[in-house]
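Below: the structure, in structure tokens.
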Amino acid sequence: MEHFDVVIIGAGPAGACAGAMLSKAGKTVLCVEKQHFPRFSIGESLLPHCMQFLADAGLETALQQQAAAHGFQFKNGAAFLKNDFRTAFDFTDKFSPGPGTTFQVKRAAFDKILADAAAEQGLQIRYGVTVEQVDVSGAAQALLNVSDDNGRQYQLSAGFVLDASGFGRVFPKLLQLEQASDFPVRQASFCHIRDNITDPRFDRNKILITVHSSLADVWFWLIPFSDGTASLGVVGKQQRFDASQSAADNLWQHVQQTPELAQLLAQSEPVNEAQSLTGYAANVRTLYGNRFALLGNAGEFLDPVFSSGVTIALRSAAMAVPLVLRQLNGEQPDWETEYSKPLRRGIDTFRIFVTAWYDGRFQDVIFSRQRQAKVTAMISSILAGYAWDQANPYVAEPERRLNVLRELCLDAE
Ligand code: FAD
Numbered sequence: 001m002e003h004f005d006v007v008i009i010g011a012g013p014a015g016a017c018a019g020a021m022l023s024k025a026g027k028t029v030l031c032v033e034k035q036h037f038p039r040f041s042i043g044e045s046l047l048p049h050c051m052q053f054l055a056d057a058g059l060e061t062a063l064q065q066q067a068a069a070h071g072f073q074f075k076n077g078a079a080f081l082k083n084d085f086r087t088a089f090d091f092t093d094k095f096s097p098g099p100g101t102t103f104q105v106k107r108a109a110f111d112k113i114l115a116d117a118a119a120e121q122g123l124q125i126r127y128g129v130t131v132e133q134v135d136v137s138g139a140a141q142a143l144l145n146v147s148d149d150n151g152r153q154y155q156l157s158a159g160f161v162l163d164a165s166g167f168g169r170v171f172p173k174l175l176q177l178e179q180a181s182d183f184p185v186r187q188a189s190f191c192h193i194r195d196n197i198t199d200p201r202f203d204r205n206k207i208l209i210t211v212h213s214s215l216a217d218v219w220f221w222l223i224p225f226s227d228g229t230a231s232l233g234v235v236g237k238q239q240r241f242d243a244s245q246s247a248a249d250n251l252w253q254h255v256q257q258t259p260e261l262a263q264l265l266a267q268s269e270p271v272n273e274a275q276s277l278t279g280y281a282a283n284v285r286t287l288y289g290n291r292f293a294l295l296g297n298a299g300e301f302l303d304p305v306f307s308s309g310v311t312i313a314l315r316s317a318a319m320a321v322p323l324v325l326r327q328l329n330g331e332q333p334d335w336e337t338e339y340s341k342p343l344r345r346g347i348d349t350f351r352i353f354v355t356a357w358y359d360g361r362f363q364d365v366i367f368s369r370q371r372q373a374k375v376t377a378m379i380s381s382i383l384a385g386y387a388w389d390q391a392n393p394y395v396a397e398p399e400r401r402l403n404v405l406r407e408l409c410l411d412a413e
């Protein structure tokens, strides 16, 4: 049986980031990834906060160097459209310190760039290897049963296991850690398009979030890339979609019901087959246990509306790695107070804003004509991913502050 200091399940952003950091620290790290890269993944709009973690893990240079070749688009904010009302947030005006710009990426290429850069730092990655069983009951090491593409089965042992398996949710499923999300079951239908947009009001440096013309809880993302293509998706409760129709029909029917967006996309053509994802919101009872911790989507996933998924994944990796190193060094970190609670605090900030987006309170703020520069900077910070910055009053007291701000916006209208 092969032994490693750390085995990581999954070579997505969380796994690559954690693997690079642990390898740089001199640990023997194996990442097992069931697919072969490049492979499609959803989650294409990054937030500026995540650039900090990519830099710390030594992965940012590779991203910057290869961005243009892969059509990654410079991103400096988020634009919103509801009927004929347009508004935007520029992340470089944000309240919190840290990077203010990032990229919109094609995940097949992005994930491969990160994984290759992590491998250059010493991370061993085995593609086409699936984790089937885990045993974390041992005092000295964790055991994993894996199988490869040729059907070969073998066992690995590790001082620590990081589950970065994303929607694969390996540990939550195998160790019965799953807990229902408090969000309703929603669906997303999406595809890539050649957008052919000529409207000068469309800013390619920003993701465009459009609210459906008559269904306030249905929204679209339009994530432009630098090569003239874009990612287009619609999100809503599952019952808003017709199960008897294709993903493409569901997507384009909703677009047609939203005239401003339909007009913007009048000349666009799909460049790949549309697909749908349903019921992606997920949670777990615990983010850690004996010799293991959950990173990124293997833990909790909220909702795509604020593009927070990759940022949470990278932040979780950056928070877990120092604790793993201490544990391998014989210390006993307190995973509850040093990892789970502080990580969940930021996720909970996003949760409050996501909830308020769907019940309309945050939309009242976003689409208000009243803007105060200081408050806008604080909201911009959260939209840029800085949901852990307790110096921001909208992070420290999100629910109360948001409700007060919404009242002020409504009074001023
Ligand atoms: P992943 O990127 O999912 O990587 C996990 C890896 O683990 C995969 O490569 C998988 O093959 C591997 N794996 C799974 N099971 C096993 C196994 N048994 N053995 C070995 N390997 C395994 N996020 C954003 O930041 N911006 C967005 O714009 C955005 N849009 C989204 C839109 C939708 C509709 C959805 C559903 C999500 C969106 N997200 C977005 C979220 C984003 O997709 C995820 O948060 C992000 O990919 C999580 O990264 P990760 O590293 O945790 O997992």
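Numbering (the working numbering), first residue to last: 1 to 413.
All C-beta atoms in this analysis are idealised placements derived from N, C-alpha and C, irrespective of residue type, glycine included.
Give the DSSP-derived three-state secondary structure of residue i in the structure shown.
i: residue 179; result: strand
i: residue 213; result: coil
i: residue 89; result: strand
i: residue 291; result: coil
i: residue 202; result: coil
i: residue 102; result: strand
i: residue 30; result: strand
i: residue 56; result: helix
i: residue 258; result: coil
i: residue 148; result: strand
i: residue 47; result: coil
i: residue 278; result: strand
i: residue 399; result: helix
i: residue 163; result: strand
i: residue 142; result: strand
i: residue 40; result: coil
i: residue 172; result: helix
i: residue 407; result: helix
i: residue 352; result: helix
i: residue 425; result: In this structure the chain extends from 1 to 413, so residue 425 is not present and cannot be described.
i: residue 386; result: coil
i: residue 264; result: helix
Looking at the secondary structure, which residues open and close the beta strand (DSSP E) in which residue i lies?
i: residue 419; result: Absent from the model: residue 419. The displayed extent of the chain is 1 to 413, so no value can be given.
i: residue 394; result: Element bounds for residue 394: not the beta strand (DSSP E) but the alpha helix (DSSP H), 393-396.
i: residue 224; result: 219-224
i: residue 189; result: 186-194
i: residue 79; result: 77-82
i: residue 3; result: 2-9
i: residue 125; result: 124-127
Assuming the contact rule is C-beta atoms closer than 8 Å, residue i and residue j should be a hit. Round their C-beta distance to whole Å, please.
i: residue 432; j: residue 104; result: With the chain covering 1 to 413 only, the question about residue 432 has no answer from this structure.
i: residue 7; j: residue 158; result: 4 Å
i: residue 302; j: residue 362; result: Incorrect: roughly 14 Å between the Cβ atoms, too far for contact.
i: residue 416; j: residue 277; result: Since the first residue of the chain shown is 1 and the last is 413, residue 416 is not available in this structure.
i: residue 405; j: residue 365; result: 6 Å
i: residue 134; j: residue 174; result: 5 Å
i: residue 91; j: residue 380; result: 6 Å
i: residue 29; j: residue 124; result: 7 Å
i: residue 22; j: residue 321; result: 6 Å
i: residue 293; j: residue 335; result: 7 Å
i: residue 196; j: residue 267; result: 4 Å
Measuring CA to CA, which of the options is closest to residue i?
i: residue 314; options: 295, 5, 323; result: 295
i: residue 59; options: 284, 39, 24; result: 24
i: residue 55; options: 357, 317, 372, 265; result: 317
i: residue 369; options: 393, 412, 39; result: 412
i: residue 40; options: 275, 333, 258; result: 275
i: residue 346; options: 372, 61, 391; result: 391
i: residue 87; options: 376, 330, 359; result: 376
i: residue 264; options: 107, 319, 208, 297; result: 208
i: residue 63; options: 154, 17, 372; result: 17
i: residue 1; options: 143, 324, 260, 344; result: 143
i: residue 348; options: 367, 382, 270, 230; result: 382
i: residue 194; options: 272, 241, 72, 252; result: 272
i: residue 239; options: 218, 248, 281, 256; result: 218
i: residue 281; options: 61, 169, 250; result: 169
Since residue i is in the alpha helix (DSSP H), which residue starts that stretch and which ends it?
i: residue 339; result: Taken as a continuous stretch (DSSP letters only), residue 339 belongs to no alpha helix (DSSP H), as it is neither H nor E.
i: residue 381; result: 373-383
i: residue 94; result: No alpha helix (DSSP H) contains residue 94, which DSSP labels as neither H nor E.
i: residue 120; result: 107-120
i: residue 361; result: 361-366
i: residue 315; result: 309-328
i: residue 20; result: 13-24
Taking CB distances under 8 Å as the criterion, tell me whether residue i reaches chain B.
i: residue 181; result: The chain inventory of the structure shown lacks chain B, comprising one protein chain alone.
Stretch pair the stretch 281-288 + the stretch 330-349: three plus CB contacts closer than 8 Å: yes
Would the stretch 90-110 and the stretch 385-399 be scored as touching if the rule is three or more Cβ pairs under 8 Å? yes
Sufficient close CB pairs (3 or more, under 8 Å) joining the stretch 43-53 to the stretch 133-150: no
Looking at C-beta atoms only, is the number of pairs between the stretch 208-217 and the stretch 154-170 that lie closer than 8 Å three or more? no
Taking contact to mean 3 or more Cβ pairs, one atom from each stretch, closer than 8 Å, check whether the stretch 65-84 and the stretch 184-192 are in contact. no
Under 8 Å: do the stretch 396-403 and the stretch 111-118 share three or more Cβ pairs, one atom per stretch? no
The stretch 30-44 / the stretch 123-130 touching (three or more Cβ pairs under 8 Å): yes
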